[in-house]
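Report on the structure given below.
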Amino acid sequence: MPRAHPLDAATVTAYACDGAVVLRGVLNAQELQRLEAGIEHNLAHLSPLALVASEPDDPGRFVEDFCTWQGNADYAHVLRESSLPHVAAQLMGSRSARLYHDHLLVKEPGTRQPTPWHQDQPYYNVDGAQNVSFWIPVDPVPLASTLRFVAGSHRGTWYMPRTFRDQQAKWFPEGSLAELPPIEAEPQAWPQLAWALEPGDCVAFHMLALHASSGTGPGARRRVFSARYLGDDSVHAPRRWRTSPPFPGLEQRLPAGAAMDDPLFPLVWPPAPG
């Protein structure tokens, strides 16, 4: 049964206003230990969806993997039995929380590859405003290499999703969505939020919040697990292209506009009776 973790009203309001908040000590020591074990298991058993997101000449290495929780008991425990489902429901303003997917992001020491500014939802197969992603490190993350957000960027505009390394528009057709604003060139117009994190902390952010991060320092390893949840208003949005991550065959089971009611996306809040 998921662990209850009531949030104060200020945290819920900040999430609705800014699209991103920091949450300290959300995972306890046992959950953090299990998450670290799950990450190491994942790295040793990468799935077919795994990719190296850094250049071959990068002195470090940026590895990503997706959707492995069903074969990883430690991931499953944290996703379903920790406080994350309850926290997700509160931040989303939703009666329920449904597990969407997990995402591994590991930058080895010395990785130069940044994560460029982007939103997550345009890469996905989901419509709706009630959603949340948790970015959970198991290593200390200094301010220089943490995730950064544009405050309030989750409210409205969808920006063109592009491949990170060569900026190709593989999802929406060119010209169909707005291009990214000049975030770094006009910092006054695009105020940023960022927090240094310790193991057990996390940041929670909306899937439309613009975010980015830098590489890692020469001696710093950054192992991060992302947990993504959907709320009451989330519906299936089949695309004509391969989403990231993909869910092959889902369109045969869920028509466009249907609730995400499928075994791939179990309800994790409220707790089942008994």
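Note that this note's numbering numbers the sequence shown so that position 81 is 121, with each residue one more than the last.
Note that the Cβ used here is the ideal one computed from N, Cα and C, for glycine as well.
| Check | Outcome |
| --- | --- |
| Which parts of the segment 200-262 are runs of the alpha helix (DSSP H), unbroken and 4 residues or longer, counting only runs that do not cross its ends? | none |
| Is it the case that the Cβ atoms of Gln161 and Leu248 are separated by a distance below 7 angstroms? | yes |
| Using DSSP's beta-bridge definition, name the partner residues of Leu139. | Tyr269 |
| Let's see if you can read the secondary structure: which residues bound the alpha helix (DSSP H) around Arg120? | Ala113 to Glu121 |
| Determine the direct distance from the alpha carbon of Val181 to that of Asp236, and round the result to whole angstroms. | Sequence inspection shows Ala at residue 236; the Asp mentioned does not correspond to that position. C-alpha separation (whole angstroms): 6 angstroms. |
| Under 8 angstroms, with one C-beta from each stretch per pair, do the segment 52-60 and the segment 188-197 reach the 3-pair mark? | yes |
| Name the DSSP bridge partner or partners of Leu144? | Asp105 and Phe265 |
| Below 8 angstroms on the Cβ atoms is my guess for Asp142 versus Arg263; work out the distance and round it to an integer in Å. | Actually they are not in contact, since the Cβ atoms of Asp142 and Arg263 sit about 13 angstroms apart, beyond 8 angstroms. |
| Given Arg261, which residues of its chain have a CB within under 8 angstroms of its CB, disregarding the five upstream and five downstream residues? | Val146, Lys147, Glu148, Pro149 and Asp179 |
| For Ser185, which three-state DSSP category applies? | helix |
| Helix, strand or coil: how does DSSP classify His276 here? | strand |
| Would the segment 150-170 and the segment 103-116 be scored as touching if the rule is three or more Cβ pairs under 8 angstroms? | no |
| Please identify the residue among Ala84, Arg279, Arg64 and His251 whose C-alpha is closest to the C-alpha of Trp211. | Arg279 |
| So Thr51 is in the beta strand (DSSP E); what residue range does that whole segment cover? | Unbroken run through Thr51 is the alpha helix (DSSP H), Ala49 to Asp58; no beta strand (DSSP E). |
| Here's a check: name, in chain order, each residue in its chain whose Cβ is nearer than 8 angstroms to the Cβ of Arg74, leaving out the five neighbours to either side. | Asp114, His117 and Val118 |
| With DSSP collapsed to three states, give me the class of Leu89. | coil |
| Count the other CB atoms within 10 Å of the CB of Glu226; is the residue buried (16 or more) or exposed (fewer)? | exposed |
| Taking 8 angstroms as the limit between beta carbons, can you name the residues of its chain near Gln232, skipping five residues before and five after? | Arg188, Phe189, Val190, Ala191 and Ile223 |
| Specify the secondary structure class of Leu304 as computed by DSSP and reduced to three states. | coil |
| For the beta strand (DSSP E) that contains Asn171, what are its first and last residues? | Asn171 to Pro177 |
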